[in-house]
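Sequential numbering from 1 applies to the sequence shown in this note's numbering. All C-beta atoms in this analysis are idealised placements derived from N, C-alpha and C, irrespective of residue type, glycine included.
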Amino acid sequence: MKVIILAAGQGTRLRPLTNERPKCMVELDNKPLIKYQLDLFEKFNVTDINVVTGYLEEKIDFKNIKKFYNPKYDKTNMVSTLFCAKELFDGEDDILISYGDIIYNDTVLQKIMDADDKINVVVDKEWRKYWEARMEDPLRDVETLKINEKGYIKELGKKPNSYDDIEGQYIGLIKISKEVVKDIKDFYENLDKDTTYDGKDYVNMYMTSFLQMIADKLLPLSPVYIQNGWMEVDEPSDLNFKNFVEN
Numbered sequence: 001m002k003v004i005i006l007a008a009g010q011g012t013r014l015r016p017l018t019n020e021r022p023k024c025m026v027e028l029d030n031k032p033l034i035k036y037q038l039d040l041f042e043k044f045n046v047t048d049i050n051v052v053t054g055y056l057e058e059k060i061d062f063k064n065i066k067k068f069y070n071p072k073y074d075k076t077n078m079v080s081t082l083f084c085a086k087e088l089f090d091g092e093d094d095i096l097i098s099y100g101d102i103i104y105n106d107t108v109l110q111k112i113m114d115a116d117d118k119i120n121v122v123v124d125k126e127w128r129k130y131w132e133a134r135m136e137d138p139l140r141d142v143e144t145l146k147i148n149e150k151g152y153i154k155e156l157g158k159k160p161n162s163y164d165d166i167e168g169q170y171i172g173l174i175k176i177s178k179e180v181v182k183d184i185k186d187f188y189e190n191l192d193k194d195t196t197y198d199g200k201d202y203v204n205m206y207m208t209s210f211l212q213m214i215a216d217k218l219l220p221l222s223p224v225y226i227q228n229g230w231m232e233v234d235e236p237s238d239l240n241f242k243n244f245v246e247n
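1) Please identify the residue among PHE41, ASN77, ILE184, SER209 whose C-alpha is closest to the C-alpha of ASN64.
2) Within 10 angstroms of the Cβ of GLU167, are there 16 or more other Cβ atoms? Answer buried if so, exposed if not.
3) Cβ of MET1 within 8 Å of Cβ of ASP48?
4) State whether the segment 174–182 contacts the segment 109–127, with contact taken as three or more CB pairs (one from each stretch) at a distance under 8 Å.
5) Counting C-beta neighbours from all protein chains within 10 Å, is the total for SER80 16 or more, i.e. buried, or is it exposed?
6) Helix, strand or coil for GLN37? Go by DSSP, reduced to three states.
7) Return the first residue and the last residue of the alpha helix (DSSP H) that ASN243 is part of.
8) Tell me the rounded alpha-carbon separation between PRO220 and TYR152.
9) Please confirm whether LEU56 and PRO22 have their CB atoms less than 8 Å apart.
10) Quick one: using the 10 Å Cβ neighbour count with 16 as the cut-off for buried, is ASP101 buried or exposed?
11) Does the structure place the segment 79–94 close enough to the segment 197–207 that three or more beta carbon pairs sit under 8 Å?
12) When the Cα atoms are used, what is the spatial distance from ALA115 to LYS146?
13) Among the candidates MET113, GLU27, GLY54, GLU189, whose CA atom is the shortest distance from the CA of ASP238?
14) Out of PRO223, LYS242, PHE187, which one is the CA nearest neighbour of LYS150?
15) Here's the rule: buried if 16 or more other CB atoms are within 10 angstroms of the residue's CB, otherwise exposed. What is TYR170?
16) What does DSSP give as the partner residue(s) for THR196 in the beta ladder?
17) Mark GLN212 as exposed unless 16 or more other C-beta atoms lie within 10 angstroms of its C-beta, in which case mark it buried.
18) I'd like to confirm the pairing. Which residues does DSSP put opposite THR53 in its beta bridges?
19) Roughly how many angstroms lie between the CA atoms of LEU109 and ASN228, to the nearest whole one?
20) What does the alpha-carbon distance come out to for the pair GLU92 and ILE34?
21) Confirm, please, whether the CB-CB distance from TYR130 to PHE44 is below 8 Å.
Written out as structure tokens, the structure reads:
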């Protein structure tokens with residue numbers, strides 16, 4: 001299995017913590033966020049680790065990783081960053097895609113590693129407990145995630161009207177079977193580069209927009225359910241919730 005960690009962003013909402021280091025290098029308990037992932041992969045004997053860098057890329061300096069660089073990190077979004085490592089989409093191995101600003105525990109990693117559908121997306125069923133601890137009004141921050149009658153994800157990434165629109169939260173962790181990784185790359189490269197996707201141009205497309213198009217036009221998205229066991233860091237206050245990783 002190949003791992004691709006997306007770590008090109010500037011982390012503007014984390015400033016001043018990101019003034020002199022990339023978002024994934026912000027420390028939690030004196031340890032960079034990305035190091036939690038690297039240590040966990042080492043524990044699970046996952047050795048093919050690839051990190052797509054951008055902002056202050058020289059600060060991401062660890063042994064046993066391969067780095068790819070997004071030179072337009074300040075003008076592009078997550079999907080463009082992912083396909084800076086498109087050479088890895090060769091069909092030789094499954095690919096695990098992980099955002100660089102999340103931390104997760106053994107249980108979460110084991111579940112996504114064990115998942116064996118073509119496209120597997122980690123979904124937190126206990127998301128509301130986590131969001132309510134972080135903010136007064138979770139609805140202003142969360143996104144829709146709906147499951148169809150066959151058990152696949154039919155919608156994600158939209159603005160919810162109510163809690164009824166949210167059957168879980170996508171956490172930024174995806175596993176793609178080697179059978180379809182070339183299809184995913186070809187699908188992306190053949191999209192219309194002159195149109196907009198959920199209000200964003202091609203190079204600034206959200207990952208959820210890309211996943212939605214895959215679900216609509218290419219392949220079903222299989223949810224991999226967890227109950228907390230992870231955290232994301234978007235703002236300085238998010239560093240206070242490591243207890244949700246340990247659940």
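For this structure:
1) Scanning PHE41, ASN77, ILE184, SER209 for the CA closest to the CA of ASN64 turns up PHE41.
2) buried
3) yes
4) The segment 174–182 makes contact with the segment 109–127: 3 or more CB pairs, one atom from each, lie closer than 8 Å.
5) buried
6) In this structure, GLN37 counts as helix in the three-state DSSP scheme.
7) For ASN243, the enclosing alpha helix (DSSP H) begins and ends at 243–246.
8) 6 Å
9) The Cβ-Cβ distance between LEU56 and PRO22 falls below 8 Å.
10) buried
11) yes
12) The alpha-carbon atoms of ALA115 and LYS146 are separated by roughly 19 Å.
13) Of MET113, GLU27, GLY54, GLU189, the residue nearest in Cα terms is GLU27.
14) It is PRO223.
15) TYR170 sits buried, since 16 or more C-beta atoms from the chains shown fall within 10 Å of its C-beta.
16) ASP201
17) buried
18) ALA7, TYR69, per the DSSP bridge assignment.
19) 12 Å
20) 25 Å
21) Against a cut-off of 8 Å, the Cβ pair of TYR130 and PHE44 comes out as no contact.
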